[in-house]
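Engineer: Quick one: the structure is below, and I'll ask about it shortly.
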Amino acid sequence: MVEGASVGQRLFLINRQAGEIYEEVSELLPLTDNQITIWSEQALVLAQSGWHGWEAACAFMSTSAFLFESLGFDGLMQRCEYAVSLSEFSSDPAISYLQGIHLLLKDQQCSEKMACLEALGQDVKSSHQHANQLLANFFTVASQLALAVTAQAFTAWCELGRMSLYRNRQAFLMFLKTELEPLPLIDLHEMSLSSKASWADYLDELPLLRKNLSNQDLCQWQAVFSHFAGSAQDLKPLLQALVVSPPRVIRDALIRLLMYEFTDTTIAACFLSKYVDLPVDQPDVIRNWISKGHDLFAGERKRLEAFFSLESAAATDYLEVLRGQVNFDSCKRILQLYAEAMAGFRWAILSAEDEPQEQGADYRFQSGFDGLTIILPGKVNQFSSKEANFLFYKHAVLHQLGYHQWGTLKALREIDQAISTYPQPRLAAALFARIEAARIDWRWQAEFPGTARGYGLLKQSLGESLRTGLTGPPDLFEQMLLTTLDEPADAREPESAFMVQRLESLRDACSTVFDTLAVLDDLYSLLADKMSTVVVSDIVMDYRRTLDIDGALVNLPLFEIEGAVQLTEGEDLLQLAMKIDPAGLEIEEMKRGDVDPEQGMMMTDLDEKPDIASSDEAQSESDKMSGLQEALAQFSRRNKPDRTYLYDEWDFLIEDYRRRWCKIREIKDCE
């Protein structure tokens, strides 16, 4: 037994601050002489326990009054003995422990939480005897968490920590660094009891999951994780699918589908990775499609994986039947004939998926209409019937033809000059494109009343999608978009009334692109500040593909010589451009046969020297051809030399075609 007076002297010799704290606290503690002697002895033992033990002794003595008040003398001594056991190699663990206990005693459930904390702390010390920083970090993290959660949740957290500790040190470090508080700790603990491997996989993937999913989302997904873990399924494929392809909106329907329609996490992961490509607004279609896959390929793992990954022809074909989907390839010829009948000459019509530079891109954000090529989506399944989906294709063609039919392309130079005069030409161009798109549709409806039904269906669908995306009352720009879709607008405000009046003037059956420019001039000052950058970036609004003014200007000479150049059967302007592409034309090395008979003949075959045209008409024709060559040169430079195409191929493992499975690369040899 050490006398109290000598304890103070020894503490002064070890560290002056420790001695001063001892003198101050020993006088304030309401202890008996015997108790003060025991307390003094324990404080000295703690100060001499290890490197910088005096710091731990200072922490103990500073908190002794509060600990004694909360736990009594026996509880105070137990905490001190526990701190001494932590200070063998460093004082840091004991300091963190004592500070944590001081905080924890403010909680009403402190006894239960303190027991869990000390038990896990002892396990950490036993597993990693010299890892003082790890132990100190544990007490800091654990005590802070204990204050924020219930005793039951903290007990679950400690059990999860113990499981990670027994796995390896790296897993326990990751556990301490991972903020688990917002997540359902009790559910996570139950999942870990069902499958330790599932908990390990969950902890490994959690940092990546949090990059794509909020804590609220993860709480929703916990029911799925627990379901599969309880059935002894490997959770890793599902977690990785969530990391790579997180659903944009987590619906209860998706949770139920995964839990009740799938028994294998690998198959469920395949389904989840393609969920964004499925008709999420048609749950009956998805359920029927899932049932069909299970019925067709029950027990055949590879074929099930291909089916739910949308890689097999059986999967895509059956889904198309359910959705009423129409594919571009199946109606391309009809659309070409339709375009030729409406315009009077052939047009190049391509699918967005056929544009190599934009493979895999969203159809809505690809380049605008360049006046030369009509671009359409590879498939349309927006509506539940094939008739309605075909109407989408028909009116998308009609809309792009309208830029030629109703004079937009012929006024490109005037449009470009007018837009360049605005303070923000890019915004002016975007605003013009949307107003002109409305005029084009109204002109078609006035000229051919039979198109009104299709336009009504498409405009209503687009209007509903725009209203769904609104977070409040539509602003002036959003009102303009709705007005161009024949939606009723709130015209109570003077600005709104003026805007509606000017837009309605374009419904006239004789309106021209210059009327659109006049409307733009009147509305620009009202709308420029209210145009959303997100909306401006949408080049394609559903069936409306807006005009790419810069791209169309490059092709302008082709439009101007449309009547001067005779096309052979089966050709269109795009094919002509490719046929006489000057990029690889070497005049000095040209030989007989390098050009088609329709294009020209060798000068040496002429009986006499041709006359040099001197008339204004001949000069004008020469200027047009020069402009054509310049335009074609620019067109050639824009084309990439290499093209990559994806095509279906038979897979003997699944006994079916895999969609867009193989690649073929076309390399152009300019020589």
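Following my numbering, the numbering of the sequence shown begins with 4 at its first residue and continues without gaps. All residues carry an ideal CB built from backbone N, CA and C; glycine is no exception.
1) Shortest alpha-carbon distance to G103 belongs to which of Q427, Q132, S88, T66?
2) Which one of S508, L221, Q173 has the shortest CA to CA distance from A203?
3) From the DSSP secondary-structure annotation, give me the bridge partner or partners of V383.
4) Looking only at C-alpha atoms, which of A62, Q420, Q463 sits nearest to Q385?
5) If we count the other Cβ atoms within 10 Å of its Cβ and call it buried at 16 or more, is I615 buried or exposed?
6) For G453 and F393, what's the separation of their Cα atoms in angstroms?
7) Output the distance between the C-alpha atoms of R326 and G233, rounded to the nearest integer angstrom.
8) Would you give the residue range spanned by the beta strand (DSSP E) that W664 belongs to?
9) Contact between the stretch 371-389 and the stretch 315-334: three or more CB pairs below 8 Å?
10) Please classify C161 as buried or exposed, where buried requires at least 16 neighbouring CB atoms within 10 angstroms.
11) CA-CA distance, K413 and L556?
12) Alpha carbon to alpha carbon, what distance is there between L211 and F265?
13) Using CA coordinates, which residue listed in L238, G410, K128 is at the minimum distance from S514?
14) Give a yes or no on whether the C-beta atoms belonging to W445 and L530 are separated by under 8 Å.
15) Helix, strand or coil: how does DSSP classify E652 here?
16) Can you give me the C-alpha to C-alpha distance between Q81 and I39, rounded to a whole angstrom?
17) By DSSP's criteria, A433 is part of a beta bridge. Which residues make up the other side?
18) Which term fits Q482, buried or exposed, when burial requires 16 or more other beta carbons within 10 angstroms of its beta carbon?
19) Mapping DSSP to helix, strand and coil, what is S52?
20) Taking its Cβ as the centre, do 16 or more other Cβ atoms sit within 10 Å of P240, making it buried, or is it exposed?
21) Using a Cβ distance threshold of 8 Å, determine whether the stretch 44-55 contacts the stretch 88-104, with at least three qualifying pairs required.
22) With S354 as the anchor, note down where its alpha helix (DSSP H) starts and where it stops.
23) Compare the beta carbon distance of F372 and R548 with 8 Å and say whether it is the shorter of the two.
24) In this structure, how does DSSP classify R510 when only helix, strand and coil are distinguished?
25) Using only alpha-carbon positions, find the residue among Q504, L485, L401 that is nearest to A455.
26) Nearest to D654 by CA position, among E439, L550, S315, is which residue?
27) Taking just the CA atoms, how far does M628 sit from L526?
28) With distances taken from CA atoms, which of D237, D284, V227 is nearest R259?
29) Taking the continuous alpha helix (DSSP H) assigned at L238, which residues delimit it?
30) Classify D365: buried if its beta carbon has 16 or more other beta carbons within 10 angstroms, exposed otherwise.
31) Got a sec? Which residues, its chain only, sit under 7 Å from L257 by beta carbon, not counting five neighbours each side?
32) So, with DSSP's three-state summary, where would you put F69?
33) For a quick check, are the C-beta atoms of T269 and L238 less than 8 Å apart?
34) According to DSSP, what are the bridge partners of T647?
35) Under the DSSP definition of a beta bridge, which residues are partnered with F372?
36) Could you have a look at S388 and say whether DSSP puts it in helix, strand or coil?
Structural biologist: From the atom records:
1) In the sequence shown, residue 103 corresponds to position 100, counting from 1. Ranked by Cα distance from G103, the options Q427, Q132, S88, T66 are led by T66.
2) The residue labelled residue 203 in the question sits at position 200 within the sequence shown. Residue Q173 is the option with its Cα nearest to A203.
3) Within the sequence shown, the letter at position 380 stands for residue 383. DSSP lists V329 as partners of V383.
4) The sequence position of residue 385 within the sequence shown is 382, counting from 1. Proximity to Q385 across A62, Q420, Q463 peaks at Q463, based on C-alpha coordinates.
5) Locating residue 615 in the sequence shown gives position 612, where the first residue counts as 1. Here I615 scores only 47 on pLDDT, less than 50, and its place in the model is too uncertain to base an answer on.
6) The residue labelled residue 453 in the question sits at position 450 within the sequence shown. The residue labelled residue 393 in the question sits at position 390 within the sequence shown. The straight-line gap from Cα to Cα measures roughly 15 Å.
7) Your numbering for residue 326 matches position 323 in the sequence shown. Your numbering for residue 233 matches position 230 in the sequence shown. Computed Cα separation, rounded: 35 Å.
8) Here residue 664 corresponds to residue number 661 of the sequence shown, with the count starting at 1. From DSSP, the beta strand (DSSP E) with W664 extends over 659-670.
9) Proximity of the stretch 371-389 to the stretch 315-334 meets the contact definition, three or more beta-carbon pairs being nearer than 8 Å.
10) Translated into the one-based positions of the sequence shown, residue 161 becomes position 158. C161 is classed as buried because its beta carbon has at least 16 other beta carbons within 10 Å across all chains shown.
11) Taking the sequence shown and counting its residues from 1, the one referred to as residue 413 is at position 410. Taking the sequence shown and counting its residues from 1, the one referred to as residue 556 is at position 553. Distance between the alpha carbons of K413 and L556 is about 10 Å.
12) Translated into positions along the sequence shown, residue 265 becomes position 262. Translated into positions along the sequence shown, residue 211 becomes position 208. Roughly 24 Å between the two C-alpha positions.
13) Numbered from 1 along the sequence shown, position 511 holds the residue referred to as residue 514. When only C-alpha atoms are compared, the closest one is G410.
14) Against the sequence shown, residue 445 aligns to sequence position 442. Against the sequence shown, residue 530 aligns to sequence position 527. No, they are not a contact pair.
15) Taking the first residue of the sequence shown as 1, we reach residue 652 at position 649. Assigned with DSSP and collapsed to three states, E652 falls in strand.
16) Along the sequence shown, read from residue 1 onward, the residue named residue 81 stands at position 78. Along the sequence shown, read from residue 1 onward, the residue named residue 39 stands at position 36. About 15 Å.
17) Here residue 433 corresponds to residue number 430 of the sequence shown, with the count starting at 1. Beta-bridge analysis with DSSP links A433 to no other residue.
18) In the sequence shown, the residue the question calls residue 482 occupies position 479. By the neighbour-count criterion, in which 16 or more other beta carbons inside 10 Å mark a residue as buried, Q482 falls on the buried side.
19) Along the sequence shown, one-based indexing puts residue 52 at 49. Coil, per DSSP.
20) Within the sequence shown, residue 240 is the residue found at index 237, counting from 1. For P240, the number of other beta carbons within 10 angstroms of its own is at least 16, and it is reported as buried.
21) Judged by Cβ distances under 8 Å, the stretch 44-55 makes contact with the stretch 88-104, as three or more pairs qualify.
22) Counted from its first residue, the sequence shown places residue 354 at position 351. Counting along the chain, S354 falls outside any alpha helix (DSSP H), though it belongs to the beta strand (DSSP E) covering 351-354.
23) As a position in the sequence shown, residue 372 is number 369, starting the count at 1. As a position in the sequence shown, residue 548 is number 545, starting the count at 1. Cβ distance < 8 Å, so F372 and R548 count as in contact.
24) Within the sequence shown, residue 510 is the residue found at index 507, counting from 1. Helix at R510.
25) Stepping through the sequence shown from its first residue, residue 455 is reached at position 452. With respect to the C-alpha of A455, the residue from Q504, L485, L401 having the closest C-alpha is L401.
26) For the purposes of this step, residue 654 is taken as residue 651 along the sequence shown, with counting starting at 1. Of the listed residues, the one whose Cα sits closest to D654 is S315.
27) In the sequence shown, residue 526 corresponds to position 523, counting from 1. In the sequence shown, residue 628 corresponds to position 625, counting from 1. When rounded, the separation of the alpha-carbon atoms in L526 and M628 is 39 Å.
28) In the sequence shown, the residue the question calls residue 259 occupies position 256. The shortest C-alpha separation from R259 is found at V227.
29) The residue labelled residue 238 in the question sits at position 235 within the sequence shown. In the DSSP annotation of this structure, L238 is not part of any alpha helix (DSSP H), being labelled neither H nor E.
30) Sequence index remark: in the sequence shown, residue 365 carries index 362 (1-based). In this predicted model, D365 has a pLDDT of only 43, less than 50, meaning its place in the structure is not dependable enough to derive any value.
31) On the sequence shown, residue 257 is found 254 positions in, with the first residue counted as 1. Cβ within range, chain order: P250, Y278.
32) Position 66 of the sequence shown, counted from the start, is the residue given in the question as residue 69. F69 carries a helical assignment under DSSP once its states are collapsed to helix, strand and coil.
33) Numbered from its first residue, the sequence shown carries residue 269 at position 266. Numbered from its first residue, the sequence shown carries residue 238 at position 235. For T269 and L238, no; Cβs fall outside 8 Å.
34) Residue mapping note: residue 647 aligns to position 644 of the sequence shown, counting from 1. Under DSSP, the beta-bridge partners assigned to T647 are R668.
35) Here residue 372 corresponds to residue number 369 of the sequence shown, with the count starting at 1. According to DSSP, which records beta bridges pairwise, F372 is partnered with L550.
36) Position 385 of the sequence shown, counted from the first residue, corresponds to residue 388. Three-state DSSP puts S388 in coil, outside helix and strand.
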